[in-house]
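Asks: The structure that follows is given in the form of structure tokens.
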Amino acid sequence: MWTDSKIVLHWIKNNPRIWKTFVQNRVEEIEGKASEVWNHCHGCESPADKITRENHRDSESKAIYTDGSKMDEGTGSAYCILEINGIIASWQGKLHHNNSVFQDEILGFKKAIEAASSLHRPIKIWTDRLSSLLVILNPKYHHSIVREIQTLLLSQKDINLRWLKAHVGYFG
Numbered sequence: 001m002w003t004d005s006k007i008v009l010h011w012i013k014n015n016p017r018i019w020k021t022f023v024q025n026r027v028e029e030i031e032g033k034a035s036e037v038w039n040h041c042h043g044c045e046s047p048a049d050k051i052t053r054e055n056h057r058d059s060e061s062k063a064i065y066t067d068g069s070k071m072d073e074g075t076g077s078a079y080c081i082l083e084i085n086g087i088i089a090s091w092q093g094k095l096h097h098n099n100s101v102f103q104d105e106i107l108g109f110k111k112a113i114e115a116a117s118s119l120h121r122p123i124k125i126w127t128d129r130l131s132s133l134l135v136i137l138n139p140k141y142h143h144s145i146v147r148e149i150q151t152l153l154l155s156q157k158d159i160n161l162r163w164l165k166a167h168v169g170y171f172g
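Start counting the sequence shown at 1; every next residue gets the next number (full-length UniProt numbering).
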């Protein structure tokens, strides 16, 4: 688990009984919900700061767009890496029809983040799936691929996740 607050980290790493009642109760509540090891990261490196809304047209450098869907044949996800001149790389994956769109979207995110980290430059990953982004930013979520994504994002400071509204004619 990660926090960008050194004070909160200090509270959590100590015995809750040494604090005043309010802090003690809050620390015990946090420990009850998330009993993992806690670490500090700077605010600018926090996964929670890696998602914002902005106009994706302002991004004139490389960008990655992800998408996923579910049909009778199964679920599928994909990403494409775009430059001004067009698509420079892409990936498509298919999961079993028993898999959910969520599982599919998360796999697409992971593959896009892995591709972005190989570019060794700042890049934005765009998606229309806000719920998946919120899950990625939730340190309490215990899905193994989500945890892998969170770890990747902490080590790749140049990757930024972005949300854009679905089906309104955006290129990408």
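C-beta: ideal position from N, C-alpha, C; glycine also. None of the values given here were measured: they were computed from a predicted structure.
(1) Out of S117, T3, H120, T66, which one is the CA nearest neighbour of F102?
(2) Around the Cβ of K6, are there at least 16 other Cβ atoms within 10 angstroms (buried) or fewer (exposed)?
(3) Can you list, in chain order, the residues of its chain with a C-beta nearer than 6 Å to that of C80? Leave out the 5 residues immediately preceding and following it.
(4) Express the C-alpha separation of L82 and L161 in angstroms, rounding to a whole number.
(5) Is it right to say E28 is buried, meaning 16 or more other beta carbons lie within 10 angstroms of its own, or is it exposed?
(6) Please name the residue or residues paired with N160 in a DSSP beta bridge.
(7) Going by C-alpha distance, which of S117, I136, L164 is nearest D128?
(8) Please identify the residue among G68, Q24, I145 whose C-alpha is closest to the C-alpha of E105.
(9) Relative to the alpha-carbon of S118, which residue among I18, K157, E73, G32 has its alpha-carbon at the smallest distance?
(10) Can S69 be considered in contact with the ligand HEM, in the sense that its beta carbon sits closer than 7 Å to one or more heavy atoms?
(11) I need the straight-line Cα distance from N25 to E114, nearest angstrom please.
(12) If we count the other Cβ atoms within 10 Å of its Cβ and call it buried at 16 or more, is L134 buried or exposed?
(13) Less than 8 Å between the beta carbons of G93 and K111, yes or no?
(14) Starting from A78, follow its DSSP beta bridges and name the residues at the other end.
(15) Alpha carbons only, please: which of H96, D72, V23, I12 is nearest the one belonging to A34?
(16) Do A116 and I159 have their CB atoms nearer than 8 Å?
Replies: In this structure, then:
(1) As a position in the sequence shown, residue 102 is number 102, starting the count at 1. The shortest Cα separation from F102 among S117, T3, H120, T66 belongs to T66.
(2) By one-based count along the sequence shown, residue 6 stands at place 6. It is exposed - the Cβ of K6 has fewer than 16 other Cβ atoms within 10 Å.
(3) Taking the first residue of the sequence shown as 1, we reach residue 80 at position 80. Hits under 6 Å: Y65, I87, S90.
(4) As a position in the sequence shown, residue 161 is number 161, starting the count at 1. As a position in the sequence shown, residue 82 is number 82, starting the count at 1. Answer to the nearest angstrom: the Cα atoms are 15 Å apart.
(5) Counting from 1 along the sequence shown, the entry for residue 28 is found at position 28. Exposed: under 16 other Cβ atoms inside 10 Å.
(6) Here residue 160 refers to the residue found at position 160 when the sequence shown is read from its first residue. N160 is bridged to K124.
(7) By one-based count along the sequence shown, residue 128 stands at place 128. It is L164 whose Cα lies nearest to the Cα of D128.
(8) By one-based count along the sequence shown, residue 105 stands at place 105. Nearest option by C-alpha distance: G68.
(9) Counted from its first residue, the sequence shown places residue 118 at position 118. When only C-alpha atoms are compared, the closest one is K157.
(10) Because no ligand of any kind appears in the structure shown, any question about the ligand HEM cannot be addressed here.
(11) As a first step, residue 25 must be located in the sequence shown, where it is residue number 25. As a first step, residue 114 must be located in the sequence shown, where it is residue number 114. Taking the straight line from one Cα to the other gives about 40 Å.
(12) For the purposes of this step, residue 134 is identified with residue 134 of the sequence shown, where counting begins at 1. It counts as exposed.
(13) The sequence position of residue 93 within the sequence shown is 93, counting from 1. The sequence position of residue 111 within the sequence shown is 111, counting from 1. Against a cut-off of 8 Å, the Cβ pair of K111 and G93 comes out as a contact.
(14) For the purposes of this step, residue 78 is taken as residue 78 along the sequence shown, with counting starting at 1. Per DSSP, D67, Q92.
(15) In the sequence shown, counting from the first residue as 1, residue 34 sits at position 34. Taking only the C-alpha atoms, the option nearest A34 is I12.
(16) Walking along the sequence shown from the start, residue 116 turns up at place 116. Walking along the sequence shown from the start, residue 159 turns up at place 159. Closer than 8 Å, so yes.
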